[in-house]
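The structure under discussion appears below in the form of structure tokens.
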Amino acid sequence: MKKKDPSLKSIPANVLRDMYYMIVKIRKEGERIAELYPEQEMRCPIHLSIGQEAVAVGVCANLRKDDYVFSSHRCHAHYLAKGGELRRLVAELYGKKTGCAGGVGGSMHLAAPEVGFMGASSIVAGTIPIAMGTALASVMQGSDRVSVTFFGDAAVEEGTFHETLNFASLKSLPVIFVCENNLYATHSHLLARQPTNNIFERGESHRVPGVCVDGNDLLAIYQAAKEAVDRCRRGQGPFLIECKTYRWREHVGPYYDYDLGYRSKEELEKWMARCPVSIYEKVLLENGILSRKDVSTIAKEVGEKMEEAVRFAKESPFPDEAELLKDVY
Amino acid sequence: MKKKDPSLKSIPANVLRDMYYMIVKIRKEGERIAELYPEQEMRCPIHLSIGQEAVAVGVCANLRKDDYVFSSHRCHAHYLAKGGELRRLVAELYGKKTGCAGGVGGSMHLAAPEVGFMGASSIVAGTIPIAMGTALASVMQGSDRVSVTFFGDAAVEEGTFHETLNFASLKSLPVIFVCENNLYATHSHLLARQPTNNIFERGESHRVPGVCVDGNDLLAIYQAAKEAVDRCRRGQGPFLIECKTYRWREHVGPYYDYDLGYRSKEELEKWMARCPVSIYEKVLLENGILSRKDVSTIAKEVGEKMEEAVRFAKESPFPDEAELLKDVY
Amino acid sequence: MGKDKKPKEREIKYWQAISEAHVQSMERNERVFIMGIGVDDPKGIFGTTLEAYKKFGKKRVFDTPVAENTMTGCAIGAALAGMRPVMVHARNDFMYYCMDQLCNHAAKWHHMFGGLMTVPITVRAIVGRGWGQGSQHSQSLQALFSHVPGLKVVMPSTPYSVKGLLMASIEGDSPVIFVEHRRLYDYAGPVPEGPYTLPIGKGAVVRMGKDATVAAISYAVWDAIKAAVALKEEGGIDVEVIDLRSLKPLDEELILNSVKKTGRLVVADTGWKSYGASAEISALVAEKAFEYLKAPIQRVALPDISAPTSVTLEKVFYPGAMDIISAVRQIVQKGGEKSVPLFESSLTAKTVYEREFSSLAQEKEFLGPF
Amino acid sequence: MGKDKKPKEREIKYWQAISEAHVQSMERNERVFIMGIGVDDPKGIFGTTLEAYKKFGKKRVFDTPVAENTMTGCAIGAALAGMRPVMVHARNDFMYYCMDQLCNHAAKWHHMFGGLMTVPITVRAIVGRGWGQGSQHSQSLQALFSHVPGLKVVMPSTPYSVKGLLMASIEGDSPVIFVEHRRLYDYAGPVPEGPYTLPIGKGAVVRMGKDATVAAISYAVWDAIKAAVALKEEGGIDVEVIDLRSLKPLDEELILNSVKKTGRLVVADTGWKSYGASAEISALVAEKAFEYLKAPIQRVALPDISAPTSVTLEKVFYPGAMDIISAVRQIVQKGGEKSVPLFESSLTAKTVYEREFSSLAQEKEFLGPF
Ligand SMILES: Cc1ncc(C[n+]2csc(CCOP(=O)(O)OP(=O)(O)O)c2C)c(N)n1
Ligand SMILES: Cc1ncc(C[n+]2csc(CCOP(=O)(O)OP(=O)(O)O)c2C)c(N)n1
Ligand SMILES: [Mg+2]
Ligand SMILES: [Mg+2]
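Here you go:
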């Protein structure tokens with residue numbers, strides 16, 4: 001991974017740079033939210049993606065604005081990677097009227113349909129069939145849009161995952177299933193829930209091809225997603241991408257949690273040593289795509305944007321009472 | 001199949017003869033019910049297993065009385081093969097107090113827990129996880145009982161099928177999944193519902209081994225079930241058996257239905273030529289396990305038992321009104 | 001019927017009206033499609049999808065695997081992407097499987113995201129009562145759906161209203177659970193030939209009266225009408241019958257105005273009594289028209305038992321016109337007296353009544369398809 | 001409390017009482033086991049399964065995959081084979097996924113087969129209200145379960161009753177949906193140390209009064225008590241508060257007797273108003289104690305909206321003691337006047353009241369675990 005990567009050649013430099021900008025932005029968002037959360041002004045459960053950012057970035061870099069993306073409780077990265085506005089995300093966490101869901105949805109229910117981020121559900125596996133439905137619509141409408149749904153390793157335990165693979169395969173629907181396998185569901189290890197760690201194979205008997213990629217290697221994800229997206233656009237049907245990665249912080253909330261005992265500090269440190277941001281940064285630096293100066297410029301810019309977003313969120317008004325009744329039928 | 005079957009040697013003659021008696025009995029039940037149904041005295045939807053009888057017989061011949069069996073809407077054969085009383089079955093169809101479920105359940109809800117037939121559900125895939133639950137109980141209780149659930153080819157489309165494979169494999173539970181793949185769900189061909197006809201492979205990615213057997217060949221089923229049951233008793237975990245077979249009559253009701261157009265008369269006739277009762281009878285005759293005389297004696301006896309059962313059912317009283325409230329809480 | 005302008009058109013049956021609503025909705029909007037188990041098969045959901053299939057083919061009328069939850073999610077996604085799916089369940093009993101997608105997703109998607117998106121899906125939910133369908137094939141689950149905010153629940157009783165309300169459901173932007181009672185399928189009535197919609201949330205007075213109000217839904221409306229006719233003929237009791245048509249939204253004003261006039265209320269429902277739809281109507285009136293009430297509110301609904309299959313038990317299990325008659329009699333003649341639980345009503349008496357009123361509707365024993 | 005003999009034992013918290021019920025049930029019967037997502041993890045379902053896990057280990061307290069429907073079916077099967085499973089859902093919202101196994105199978109298995117078998121499962125269903133849990137993590141779905149025959153629905157409000165009723169649920173032969181409101185977890189109260197059961201289907205009068213009855217459930221009982229204290233102190237209104245404890249079976253007699261005495265009823269529930277549990281209580285009284293009623297029946301429940309997360313909206317969304325106070329005032333002072341919809345109650349006024357009564361219960365803002 002630290003060698004010159006041949007795949008770099010096939011990816012336009014601006015895409016490589018945009019992806020860097022995005023992964024830095026998403027990391028910043030996660031870390032800043034983690035810092036601010038203990039102030040108890042964001043009054044909703046928050047699931048951070050710190051350590052898993054590469055997946056969102058690598059997949060979404062292959063998508064058009066009019067492609068559809070769905071996500072789960074851990075959705076900030078996907079919202080941002082698909083182009084959702086940062087400040088409306090932060091405002092949503094603060095329960096503000098200016099939030100992307102008007103303060104009604106909260107951290108687990110981000111949405112930005114204007115850029116194709118069609119929503120997130122805090123029900124495990126909830127958006128897997130819904131994403132497939134958008135793919136069905138694309139086919140019926142004769143469009144070449146692609147649908148993507150991001151979910152965790154526990155979501156494959158819900159039957160709807162297999163039901164969806166079956167139907168998507170039957171109808172050759174342009175939907176890509178992206179599993180962020182971070183080895184745990186809350187505090188439960190994958191092998192306490194599944195007989196074996198082989199999520200990418202689960203589509204085989206449904207004739208849905210799958211690959212397993214290093215979820216901390218942005219370029220590997222980019223390539224796998226590119227292939228899947230191309231397949232879909234050509235009408236060749238669904239694809240399953242398993243990304244092996246790791247969540248650094250606690251399941252929900254801003255802190256580290258190796259002290260709980262369900263996983264070790266060593267395990268965490270092993271994964272932190274393979275930070276997806278650093279790995280990618282190093283590749284770009286080594287290949288001359290980015291300079292040290294670019295890195296600090298971007299860091300600074302992203303930092304400012306984040307502060308601006310926090311300010312915006314904090315200063316925004318709360319929704320008023322009438323709001324509660326507004327979207328009811 | 002018409003040659004001397006080496007597997008015959010390994011099966012005790014009395015088991016072979018008992019299986020013959022049972023398959024003849026189940027066929028008789030199906031045909032006689034089909035004859036009587038137009039009288040409109042059995043006032044509930046009836047799903048006949050004519051053409052599929054070998055599966056129930058071949059599997060249940062490997063089970064002990066204290067093993068658990070569950071079934072679906074098409075459950076008469078499984079009820080009988082596991083040892084349920086014929087006359088209480090018929091009485092149930094007639095809605096009588098003497099029925100196996102007191103006239104409350106009807107054709108789709110037979111039960112005979114006294115012989116381990118633990119019930120049938122008319123919800124597709126409904127008993128798949130329930131059967132697994134009995135297997136979990138067996139393990140927790142340190143018993144070597146085995147659980148079996150019979151279901152159709154549509155049941156594998158419900159997510160609970162995969163959820164169950166996952167958990168059964170995770171915990172190595174002694175449960176055998178027996179799919180009677182008769183190619184159709186109501187009027188819908190398998191390939192209109194599933195990308196490919198490979199049900200026995202669906203357990204692979206869950207590490208549940210599977211086999212596909214000729215569902216009209218009683219001995220093949222017996223052997224496959226024997227292996228699965230042995231595995232289970234040894235604590236080696238679940239097993240999936242797909243039996244390719246065919247339903248002769250309409251999905252629900254007593255008539256033939258090739259005129260509807262969803263399947264052809266040729267297809268039906270091809271399968272009728274491979275009648276599971278005749279195939280098995282021929283093997284036994286050719287191998288001297290049965291004589292012609294045995295065959296007619298059994299036919300006569302089974303016929304009489306059936307008539308006795310019908311008489312019993314018709315003469316039995318209806319449940320009275322108070323019955324309706326009896327088992328309520 | 002009642003307040004609706006009675007069109008003079010030809011009569012067609014309930015199932016034909018559904019079929020027509022499908023075809024005309026699909027003609028008017030190419031984004032409308034139908035999916036569900038068996039919608040394209042030779043029986044076409046009791047005939048209701050045959051015509052649409054013939055006209056629009058497999059692309060817009062297609063079968064699905066048996067996977068209710070996922071196919072509901074699929075419909076939601078298609079709706080989010082601009083389509084207008086109609087999903088069909090030959091029995092609403094199967095919908096327990098898709099409660100997650102219906103209640104956690106379809107119902108919530110609009111409000112949960114602050115109104116950014118809408119989910120225009122119509123879910124046809126058929127109540128299968130008849131011919132020993134039993135506990136898992138004859139439930140009538142409207143109360144469950146009505147409780148969850150974000151779902152509309154429509155339950156028409158006539159060919160006229162089923163067409164207009166189905167077209168309105170398909171045209172509207174909310175998820176609608178469209179509950180059809182199979183016993184109504186053969187009922188005939190006047191139905192305009194062209195497309196039309198009826199407002200969801202408006203009930204109708206189908207018979208005027210001054211002594212008591214019977215608020216009924218779906219198949220129970222017909223029982224209520226039979227009861228009203230009998231009560232008039234036999235005892236001179238004037239019953240006003242309301243067809244609620246939808247449970248969510250509920251036409252509160254119509255109910256309250258009627259009770260303000262009659263002072264007495266019987267609610268007739270096709271589902272279970274406890275925590276059922278009839279409880280809501282009763283509670284509404286006990287809250288908002290209390291001062292007009294002259295007698296206890298009665299509910300005629302299923303006893304709290306799962307449906308038996310035996311024909312004798314089925315007959316006792318299902319309430320009918322006679323139970324409504326006795327409920328009305330109790331509150332009109334001797335307000336305040338304890339009501340007899342439905343299932344204690346005698347079978348013999350019931351059978352006699354049913355024979356008596358059988359000419360009032362085209363009801364006949366259901367002999368299939370199953 | 002009220003009619004129950006008040007034991008003089010030590011006080012423990014609601015969550016500790018649940019934990020104790022688990023441990024003692026498992027000690028008494030080796031067939032009892034606990035399964036569910038996270039039951040064996042370091043947080044042990046808000047602490048309630050930690051002790052059981054410590055004592056009985058992985059064999060009898062085990063984690064499951066995220067597959068609610070199948071794991072429910074698994075529990076049913078285990079129960080049919082003689083075990084007594086307790087299944088835990090950290091949020092009852094996830095139970096939409098397992099409605100099929102709960103309602104088509106667990107609820108029906110006993111009656112559907114003519115009483116041949118029983119399904120002794122206990123399903124702990126936690127209501128997650130608090131800290132912006134929002135639309136999919138804070139629902140209170142007791143009305144759905146109460147509607148389906150064959151399920152018992154228990155919903156205790158105190159440490160004493162939660163222990164006794166949980167032990168009774170585990171010991172009983174029916175499937176029980178055991179609904180726990182997370183806001184009660186930190187409430188302390190006297191609880192006997194040894195094992196005991198309370199009868200399912202019996203409520204309790206927790207405060208005597210003559211002017212009006214408030215029938216409440218779960219967390220709403222505490223709001224009702226706060227309201228009763230305030231009404232007494234401020235206006236001399238004497239409210240009788242009933243803790244229903246279970247919705248199915250429902251203690252009809254207790255409710256009816258109280259209303260016969262007070263002539264006025266407010267029902268306070270933690271779920272949505274329309275087609276909710278409060279409707280059934282109201283309908284029951286409107287049917288069986290009508291002649292004793294002096295005023296309209298009021299319901300205090302959630303507005304028909306899915307829960308918002310923003311703290312300002314949450315405050316308006318959830319009714320509390322103040323809403324009960326205003327409901328009681330309306331029917332005691334000026335019977336028959338229209339009630340103001342809950343969500344129109346002003347936020348400022350509400351906040352003031354909440355501060356005022358906060359000493360009455362140990363309630364505090366919920367800050368996790370989530
Ligand atoms: C249907 C359902 N069951 C249970 C939960 C509780 N829950 C919330 S997150 C979570 C773990 C999810 O794990 P995974 O899918 O691996 O995603 P991760 O949190 O690791 O990103 C669980 C069980 C839920 N939200 N929905
Ligand atoms: C959950 C559910 N959905 C739909 C149905 C309606 N239904 C009854 S039988 C059947 C077909 C079942 O096909 P299969 O599993 O192949 O069994 P077979 O009838 O061929 O034996 C369907 C869809 C049902 N009973 N349950
Ligand atoms: Mg995970
Ligand atoms: Mg089949």
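Protein chains in written order, with my numbering: chain X, 1 to 329; chain F, 1 to 329; chain V, 1 to 370; chain H, 1 to 370.
Where a beta carbon is used, it is the ideal one built from N, C-alpha and C, also for glycine.
Since the model is a prediction, treat every value here as computed from it, not as a measurement.
Residues that residue i bridges to, as DSSP identifies them
i, result
"Lys85/H", "According to the sequence provided, residue 85/H is Pro. The question's Lys does not apply to it. Answer by DSSP bridge pairing, in chain order: Phe33/H."
"Cys212/X", "Glu242/X"
"Asn181/X", "Lys244/X"
"Thr160/X", "Answer is none; Thr160/X lacks a bridge partner."
"Lys163/V", "Looking at the DSSP assignment, Lys163/V forms no beta bridge with any residue, so it has no partner."
"Ile242/V", "Val205/V, Ala215/V"
"His189/F", "Tyr184/F"
"Gly189/V", "Ile12/V"
Under 8 Å between C-beta atoms of residue i and residue j
i, j, result
"Arg43/F", "Gly99/F", "no"
"Leu240/X", "Val208/X", "yes"
"His147/V", "Asp327/X", "no"
"Asp243/H", "Val285/H", "no"
"Glu287/H", "Pro296/V", "yes"
"Tyr380/H", "Gly189/H", "The requested residue 380/H is not part of the displayed model; chain H covers only 1 to 370."
"Gly132/V", "Thr309/V", "yes"
Backbone CA spacing between residue i and residue j [nearest angstrom]
i, j, result
"Val252/F", "Asn182/F", "14 Å"
"Pro6/F", "Ala224/F", "14 Å"
"Met99/V", "Phe178/V", "15 Å"
"Ala77/X", "Gly114/V", "20 Å"
"Ala112/X", "Ser278/X", "29 Å"
"Thr149/F", "Thr134/F", "11 Å"
"Val340/H", "Phe317/V", "Only weak support is given to the placement of Val340/H: the predicted model assigns it a pLDDT of 41, under 50, and the question is left unresolved by the model."
"Tyr344/X", "Leu219/X", "Outside the displayed span of chain X (1 to 329) sits residue 344/X, for which this structure offers no information."
"Ala131/F", "Ala56/F", "16 Å"
"Ile50/X", "Lys65/F", "56 Å"
"Arg84/H", "His22/H", "12 Å"
"Pro38/F", "Arg88/F", "20 Å"
"Val241/V", "Gly164/V", "20 Å"
N-terminal and C-terminal residue of the beta strand (DSSP E) that residue i is part of
i, result
"Lys13/V", "11-13"
"Lys97/F", "Note, Lys97/F: premise wrong, no beta strand (DSSP E); not H, not E."
"Ala125/V", "122-127"
"Gln298/V", "298-302"
Boundaries (first-last residue) of the alpha helix (DSSP H) holding residue i
i, result
"Pro276/F", "276-286"
"Val179/V", "No alpha helix (DSSP H) contains Val179/V, which is instead part of the beta strand (DSSP E) from 176-181."
"Thr372/V", "A query on residue 372/V cannot be resolved here, the shown segment of chain V reaching from 1 to 370 and no further."
Subject >> Runs of alpha helix (DSSP H) lying entirely within the region 247-274 of chain H, each at least 4 residues, in chain order >> reply: 252-262
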